[in-house]
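Some notes on the structure that comes next.
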Amino acid sequence: MLILLTNDDGIYAPGLAAMQRQLEPLGDVYVVAPATEQSGVGHAITYLTPLIVKEVFHGDTRWGWAVDGSPADCVKIGVTELCPRKPDLVVSGINGGQNAGINVLYSGTVAAAIEGAFFGITSVAVSLEFNEHANFDKAGQLARSIIEQIIENQDETSELYNMNIPTAAVDGDPDVVVAPMDVTQYIDKYEKRFDPWG
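Numbering (my numbering), first residue to last: 7 to 204.
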């Protein structure tokens, strides 16, 4: 199995490394992720500037490719140029913070999975409820167990999943709930300040 792994938190994010470790037993994992954090960019793509790709190494081993672009860019270039063939699965995450409700429209994590689905590839966005002591390794284990079920039960059609892992699941309550997307709007608050330079 060939798996394309990406995120929106950047190539050096701890959630990406944790997900890579969990996916490795399932097949060949190709990491193609943004060079810098791209949270909240939605489904933006780069077309007005060059799309720069750089190989990233851990010691002598290639870790993946850092793309100076959005998560959707990473999937596009990963599928069309960097993977040796069309991937069997696209995984985006583990994102630090949930992507539920209308936040999926702003999320680079979810946009990357959507881009994979555009290519006809079963794709999974994985997000972990924000916690300053987030256990990405445990979340990766939970995500992998669900991804294995998705793989076992998939048919010829591609599917798109948005997986949100609450802290309670990481702490020992791994019940899985399939739920429709909520469209309740959050109340935005802005803090007004004076520019210190006038």
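The C-beta atom is built at its ideal place from N, Cα and C for all residues, glycine as well. Source: prediction; values computed, not measured.
{"query": "Straight-line CA distance for A106 to N168?", "result": "8 Å"}
{"query": "Relative to the alpha-carbon of K84, which residue among G16, E138, I9 and A50 has its alpha-carbon at the smallest distance?", "result": "It should be noted that the sequence gives Gly, not Lys, for residue 84. For G84, the nearest C-alpha among the options comes from I9."}
{"query": "Could you give the distance in angstroms between the alpha-carbon of Y196 and the alpha-carbon of T163?", "result": "43 Å"}
{"query": "By how many angstroms is the C-alpha of G204 removed from the C-alpha of F142?", "result": "43 Å"}
{"query": "What residues match up with E61 in a beta bridge as DSSP calls it?", "result": "W71"}
{"query": "Go ahead and label R199 buried or exposed: buried means 16 or more other beta carbons lie within 10 angstroms of its beta carbon, across all protein chains shown.", "result": "exposed"}
{"query": "What is the rounded straight-line gap between the Cα of A149 and the Cα of C89?", "result": "23 Å"}
{"query": "Let me know if G114 comes out buried or exposed under the rule of 16 or more other beta-carbons within 10 Å of its beta-carbon.", "result": "buried"}
{"query": "Could you tell me the alpha carbon to alpha carbon distance between A185 and N170, rounded to whole angstroms?", "result": "11 Å"}
{"query": "Whole angstroms is fine: what's the gap from D34's alpha carbon to D194's?", "result": "42 Å"}
{"query": "Whose C-beta lies closer than 6 Å to the C-beta of P172 among residues of the same chain, with five residues either side of it excluded?", "result": "E135"}
{"query": "Among E165, G21 and I127, whose alpha-carbon lies nearest the alpha-carbon of T86?", "result": "I127"}
{"query": "Relative to the C-alpha of Q155, which candidate in V182, W71 and D177 has its C-alpha closest?", "result": "V182"}
{"query": "Where does the unbroken alpha helix (DSSP H) through G99 begin, and where does it stop?", "result": "Element bounds for G99: not the alpha helix (DSSP H) but the beta strand (DSSP E), L95 to G102."}
{"query": "Mind checking M25: buried by the 16 CB within 10 Å criterion, or exposed?", "result": "buried"}
{"query": "Under 8 Å, with one C-beta from each stretch per pair, do the segment 47-55 and the segment 109-124 reach the 3-pair mark?", "result": "yes"}
{"query": "Which residues in the same chain have their Cβ closer than 7 Å to the Cβ of G146, if we skip the five residues on either side of it in sequence?", "result": "A24, M25, R27, Q28 and I100"}
{"query": "Given M187, which residues of its chain have a CB within under 7 Å of its CB, disregarding the five upstream and five downstream residues?", "result": "G107 and V110"}
{"query": "Thinking C-alpha only, which one of K144, D161, S76 and V38 is nearest S133?", "result": "K144"}
{"query": "By DSSP, does T52 sit in helix, in strand, or in coil?", "result": "coil"}
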